[in-house]
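To start, the structure under review is shown below, and the notes come after it.
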Amino acid sequence: MLPLIVENLRFTGQHGPIIKGVNFSLNDAGVTVVMGPNGAGKSVLLRLLHGLLKVNSGQILWNGTGLNEALRKRQSLLFQRPVLLRRSVLANLRFVLKQRHISADDETCLNLLSRVQLDHVAYRSARHLSGGEQQRLALARSLALKPEVLLMDEPAASLDPVSTKMIETIVRDQRANNTKVIFVTHDVSQAHRVADDVLFLHHGEVLEHTSASTFFEQPQSTQARQYLSGEIVV
Amino acid sequence: MQDFAESFSLAFSLVWSFDAHLMEIVWLSVRVSITAVIIALIIGFPLGAALGMTRFPGRQVIIVLVNALMGLPPVVVGLLVYIMLSNAGPFGWLRLLYSPTAMIIAQTVLITPIVTALTREIVEQLHQEYDEFFKSLCISPGQVLATLLWDARYNLITVALAGFGRAIAEVGAVIIVGGNINHLTRVMTTAIALETSKGDLALALALGIILMGLALAVNALVMGFRSTARSTAFG
Ligand SMILES: Nc1ncnc2c1ncn2[C@@H]1O[C@H](COP(=O)(O)OP(=O)(O)OP(=O)(O)O)[C@@H](O)[C@H]1O
Ligand SMILES: [Mg+2]
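Chains A and B supply the protein sequences, listed in that same order. Quick note, the first sequence lines up with residues 152 to 385 if you use my numbering. Quick note, the second sequence lines up with residues 75 to 309 if you use my numbering.
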């Protein structure tokens with residue numbers, strides 16, 4: 152599906168512009184980390200890339216074509232707030248597999264769940280899981296679809312250290328599988344560990360798009376410098 | 075006082091002995107109401123779900139209309155159905171007036187808006203919750219509908235029960251279109267009204283006891299399903 156080319160992308164919400172003419176391109180598989188202060192437009196950007204929101208102007212091209220249903224089916228978006236069906240953990244996994252006509256027996260499903268360490272709660276109601284467990288179930292559901300592009304919106308935001316490590320391992324596995332991962336996080340050290348390149352978003356504009364090492368060692372914009380050092384970004 | 079006590083004990087013995095006349099009335103009531111509920115569900119579930127799932131111009135108007143219909147006084151519904159079914163009315167040739175079918179029609183008209191409105195509310199809420207996930211997965215509208223109905227099933231059962239509760243306790247509409255004819259269209263509520271005015275408190279009380287029992291049972295079921303619904307939805 153790559154390269155992804157985003158040209159002059161604009162999106163306006165009810166209360167004004169949110170993405171204000173953004174340009175960037177992602178050429179290689181690997182992990183692109185999106186960073187930026189709260190409200191910068193990271194989640195909106197992921198939704199636009201995945202086609203859940205309609206662009207106002209500009210374009211998003213996945214290997215030369217705009218997003219359509221066939222392309223979207225090859226992507227998976229992990230929402231910042233996981234959306235889980237009112238069913239058991241296992242049934243949540245089964246649901247997405249069935250939608251894609253992927254047949255899987257109990258063992259395959261349990262294996263997938265064990266990848267996110269949820270096999271022991273397979274038959275529990277998904278809504279009874281803790282916040283971090285819900286995040287991990289949503290991740291397992293995404294992985295089950297074997298997407299070529301995995302969009303992850305703060306997947307580790309409510310995870311404990313063990314689960315965080317697990318997610319990072321999964322992200323690395325995905326990269327090794329040639330899956331493109333676009334990963335939103337506020338955790339600087341985590342970004343350090345997983346990023347190939349970093350996209351820094353601020354007030355709906357891309358202030359930087361550089362390799363990870365450049366971003367962390369010599370951030371170009373004052374805003375990125377302030378963000379990285381934990382100062383208030385204006 | 076003597077009379078009351080006597081009526082009560084007579085009433086209980088009627089209920090206890092499954093008095094044939096009493097049971098005939100109860101059975102007709104239940105049959106009419108259940109049939110009306112089933113028809114109302116067949117119309118109201120898909121209609122309510124469609125209203126809850128989709129956005130189209132005029133949708134808001136339909137919602138307001140359905141909500142307004144929900145508040146229709148039963149006697150007015152009875153009157154309208156009466157006019158439709160009376161000899162001079164457009165459906166007079168069907169000769170349905172004063173038949174159980176007429177009562178089913180009146181009750182269906184009465185509870186379909188209730189079923190539709192409640193279903194819309196439930197489905198809309200769940201749809202908002204699931205919408206982006208469904209879009210992300212590119213699920214067909216039919217699958218969306220099936221998933222929403224399935225995941226809301228406990229809530230939808232309470233809708234059906236609420237419809238039944240309303241139908242079985244209703245008197246104004248069925249007395250107009252049914253006429254309270256003995257052995258033909260006499261249901262619990264109309265019989266209670268008649269027997270009370272005649273002074274036969276025993277039969278009225280016996281029916282009242284059964285009606286109350288049914289209402290309590292329905293309410294208990296509603297509460298049970300509601301808590302099941304809540305526990306599958308959240309913790
Ligand atoms: N679907 C939407 N339609 C219109 N406006 C939206 C929508 N979603 C979010 N917004 C607005 O867009 C702005 C950016 O929101 P967004 O969720 O993208 O921020 P974010 O960078 O992901 O922040 P955080 O780090 O807190 O997750 C916010 O001001 C928000 O109110
Ligand atoms: Mg966000």
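Just so it is clear, CB atoms sit at the ideal spot from N, CA and C, and this is done for glycine as well.
Asked	Found
For B:Y204, which residues in chain A fall below 9 Å Cβ to Cβ?	V234 and L236
Is the Cβ-Cβ distance between B:I185 and B:A124 less than 7 Å?	no
Cβ of B:S210 within 6 Å of any heavy atom in ligand 2?	no
From this set, A:S314, A:N174 and A:P154, which residue's C-alpha is nearest A:F162's C-alpha?	A:N174
Going by DSSP in three states, A:F351 sits in which element: helix, strand or coil?	strand
Unbroken beta strand (DSSP E) runs of length 3 or more, entirely within the segment 178-247 of chain B: which are they?	none
Flag B:G309 as yes if its beta-carbon sits less than 7 Å from any beta-carbon of chain A, otherwise no.	Because B:G309 sits at a pLDDT of 46, beneath the cut-off of 50, its placement in the model cannot be relied upon, and the point is left open.
Against chain B, does A:P352 count as a neighbour if the rule is that its beta carbon must be under 7 Å from one of theirs?	With the sequence shown as reference, residue 352 of chain A is identified as Leu, and Pro is not the correct amino acid for it. Answer no: the Cβ-Cβ gap between A:L352 and chain B never drops below 7 Å.
Under 7 Å Cβ-Cβ, which residues of chain A neighbour B:K209?	L203
Find out if the Cβ-Cβ distance for the pair B:S160, B:L171 is shorter than 7 Å.	yes
Please decide whether B:T232 counts as near chain A, where near means a Cβ-Cβ distance under 7 Å.	no
Counting by C-beta, which residues lie closer than 6 Å to a heavy atom of ligand 2, in chain order?	A:K193, A:S194, A:Q231 and A:D304
How would you list, in chain order, the residues of chain A whose beta-carbon sits under 8 Å from the beta-carbon of B:Q199?	Under the 8 Å cutoff, chain A gives no residues; its nearest Cβ is about 12 Å from B:Q199.
How big is the Cα-Cα spacing for A:I318 and B:L192?	42 Å
Near B:G309, what residues of its chain come up, given a Cβ to Cβ distance below 7 Å and the 5 sequence neighbours on each side ignored?	Its pLDDT being 46, under 50, B:G309 is placed unreliably in this model, and the value from its coordinates should be taken loosely. Same-chain partners within the cutoff: there are none.
Heavy atom of ligand 1 less than 6 Å from the Cβ of A:G190, yes or no?	yes
Who are the near neighbours of B:V155 in its chain, counting only those whose CB is closer than 8 Å to its CB and skipping five residues on each side?	A176, I179, A180, V183, A247, I250 and V251
Quick one: what does DSSP say B:P164 is sitting in, helix, strand or coil?	coil
At which residue ranges does the segment 183-260 of chain A contain complete beta strand (DSSP E) runs of 3 or more residues, listed in the order of the chain?	208-213 and 226-229
For A:Y274, count the other beta carbons within 10 Å of its own beta carbon; 16 or more makes it buried, fewer makes it exposed. Which is it?	exposed
In chain B, which residues lie with their C-beta within 7 Å of the C-beta of A:S276?	T306
Check whether the Cβ atoms of B:G239 and B:V292 sit closer than 7 Å, and answer yes or no.	yes
At a cut-off of 6 Å, would you count A:G172 as near ligand 1, judging by its Cβ distance to the nearest heavy atom?	no
For B:K272 and B:L285, what's the separation of their Cα atoms in angstroms?	19 Å
Residues of the segment 219-230 of chain A in Cβ contact with chain B at a cutoff of 9 Å, in chain order, please.	E220, A221, R223, K224, Q226, S227, L228 and F230
Nearest-angstrom Cα distance between A:L228 and A:L302?	5 Å
Under the criterion of a Cβ to heavy atom distance below 6 Å, does A:G164 qualify as lining ligand 1?	yes
By how many angstroms is the C-alpha of B:E203 removed from the C-alpha of A:E258?	30 Å
DSSP state of A:K331, grouped into three classes?	strand
Residues of chain A with CB closer than 9 Å to the CB of B:D225, please, in chain order.	L236, R237 and R238
Could you give the DSSP three-state label for A:I170: helix, strand or coil?	strand
For A:M152, write down the residues that DSSP places opposite it in a beta bridge.	In DSSP, A:M152 forms no bridge with anything.
Kindly examine ligand 1 and report whether one of its heavy atoms sits closer than 6 Å to the Cβ of A:I169.	yes
With H, G and I counted as helix, E and B as strand and the rest as coil, what does DSSP make of A:F162?	strand
Return the chain-ordered list of same chain residues with a C-beta closer than 7 Å to the C-beta of B:V197, the five sequence neighbours on each side being excluded.	G122, A123, G126, M127, L222 and A226
Measuring CA to CA, which of A:T330, A:L263, A:V300 and A:G167 is closest to A:L222?	A:V300
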